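Dropping the structure here:
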């Protein structure tokens, strides 16, 4: 268990599921844009991904 760097809740990085598209986008951003993959819990990844899908002009097609 480690603590999420955004919200501080404890989570297991190996248990993160990418079944939700918002979590998947958040994970891709964590890998490619922010460099904090493995330190963000699923709810925070989903929030990041959801906000990016709505407001990030680089993801708008």
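Numbering (our numbering), first residue to last: 496 to 556. Just so it is clear, CB atoms sit at the ideal spot from N, CA and C, and this is done for glycine as well. Fair warning: this is a prediction, and the values are worked out from it, not measured in the lab.
How would you call residue i, buried or exposed, if buried means at least 16 neighbouring beta carbons within 10 angstroms?
| i | result |
| --- | --- |
| residue 536 | buried |
| residue 524 | buried |
| residue 540 | buried |
| residue 530 | exposed |
With respect to the alpha helix (DSSP H) encompassing residue i, which residues constitute its N-terminal and C-terminal limits?
| i | result |
| --- | --- |
| residue 541 | 537 to 550 |
| residue 526 | Note, residue 526: premise wrong, no alpha helix (DSSP H); not H, not E. |
Can you give me the C-alpha to C-alpha distance between residue i and residue j, rounded to a whole angstrom?
| i | j | result |
| --- | --- | --- |
| residue 545 | residue 513 | 13 Å |
| residue 501 | residue 555 | 25 Å |
| residue 504 | residue 498 | 5 Å |
| residue 517 | residue 496 | 22 Å |
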